[in-house]
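A short write-up of the structure that comes next.
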Amino acid sequence: MILYHGTNQDIENIDLTKGLKYKDFGMGFYLTSDRTTAVRMAQKKARVFGGTAVLITYEMEDQALQSDLKIKVFPEKACVEWLLFVDANRDRKNKCPIHDYDIVIGPIDNDGVVLQLTNYHEGIYTPEQAAKLLQDKYLDQQYYFGTEAALRFLHKKSAEIV
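No gaps in the numbering here: position 35 of the sequence shown is 64 in the working numbering, and each next residue is one more.
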């Protein structure tokens, strides 16, 4: 499977310690199967942090999903479990990781999700109501690699300036 990572510099070796801690699925390396989404992310990173927008293409071995790795796959549409999982990973009160998955696959959080999480936290919606409001929106899929064991199944193919 081909996956893309949009960033502001080429990456020779993935360093899991450089990821941000409070991301959707926790600290790790994130990719998407959608090239357009990755290009948009690369351009945004270059604009915000400097550098050059770079699209890195990786191939994930098919065997990864049949291996002994601990993998969590969420439905493509928003669901309560995914919403609460993202919320817990983003919660800065959680000083330790909330899960031990090697790979997590699920929707990418976007501004609409942030709004519904805020509404949930303010008591405007229950998690069920917030997830239901997001179900009609297509959320691109993201692939989280959180361990060195998972990275063994990921191989860099190319890097291009976008």
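In this text, a Cβ means the ideal position worked out from N, Cα and C, and glycines have one as well.
Quick caveat, the model's predicted, so the values are computed rather than measured.
Residue i - partner residues in DSSP beta bridges
| i | result |
| --- | --- |
| Ser96 | BP columns for Ser96 are empty, so no partner. |
| Pro136 | Gln170 |
| Val142 | DSSP, once it has assigned bridges, lists no residue as partnering Val142. |
| Lys124 | Partner(s): none; Lys124 has no beta bridge. |
| Thr61 | Tyr33 and Gln171 |
| Lys106 | Bridge partners of Lys106: none, in fact. |
Enclosing beta strand (DSSP E) for residue i [first to last residue]
| i | result |
| --- | --- |
| Met89 | Val83 to Met89 |
| Lys186 | Leu183 to Ile190 |
| Leu32 | Ile31 to Thr36 |
Residue span of the alpha helix (DSSP H) that contains residue i, given as start and end
| i | result |
| --- | --- |
| Thr65 | Arg64 to Phe78 |
| Asn118 | Val109 to Arg119 |
| Glu177 | Glu177 to Leu180 |
Simplified DSSP state of residue i, which is helix, strand or coil
| i | result |
| --- | --- |
| Tyr149 | helix |
| Phe54 | coil |
| Lys47 | helix |
| Lys161 | helix |
Contact set for residue i: own chain, Cβ-Cβ below 8 angstroms, skip 5 residues either direction
| i | result |
| --- | --- |
| Leu112 | Val142, Gln145, Leu146, Tyr149, Pro156, Ala159, Ala160 and Leu163 |
| Gly48 | Met56, Gly57, Phe58 and Tyr59 |
Own chain residues within Cβ distance below 7 angstroms of residue i, not counting five before or after
| i | result |
| --- | --- |
| Asn123 | Ala117 |
| Asp129 | Lys99 |
Close Cβ partners of residue i (< 6 angstroms) along its chain, the five nearest in sequence each way excluded
| i | result |
| --- | --- |
| Ala188 | Asp39, Val83 and Ile85 |
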